[in-house]
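Novice: The numbering of the sequence shown is the numbering used here, which starts it at 2 and goes up by one.
Glycine included, each C-beta is placed from N, C-alpha and C at the ideal position.
Here it is, the structure in full.
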Amino acid sequence: MKRLYKSTANKKIAGVCGGIAEYFDIDPSLVRIGWVLLCFAVGTGILAYIVAAVILPTDTEVNP
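Encoded structure:
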């Protein structure tokens, strides 16, 4: 079963984009670019990133 988590391997700030990329099996750079565009277009991307960084477990917590 696939689970969404923060990545410790593909991490730039908190690992949220890396974890989303691993979940959808896509390149983490594409997720990061999409997240930046979301921040500029809608303005809630920064708040969503902070909430995801706090809520999501790390991959070491999911797969010990």
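Just to confirm my understanding: we take Gly46, look at its own chain, exclude 5 residues before and 5 after, and list those with CB closer than 7 Å. What are they?
Specialist: Trp36, Leu39 and Cys40
Novice: Going by the CB atoms, is the gap between Lys7 and Val17 shorter than 9 Å?
Specialist: Yes, these two residues count as a Cβ contact at 9 Å.
Novice: On a CA-only basis, which of Gly44, Ala42 and Lys12 is nearest Pro29? Give me that one, please.
Specialist: If we check each option's Cα against that of Pro29, Lys12 comes out closest.
Novice: Does the separation of the CB atoms of Gly20 and Leu48 fall below 9 Å?
Specialist: Gly20 is not a Cβ neighbour of Leu48, given a cutoff of 9 Å.
Novice: What residues in its chain sit with their C-beta under 7 Å from that of Ala53, if we drop five residues either side in the sequence?
Specialist: Val17
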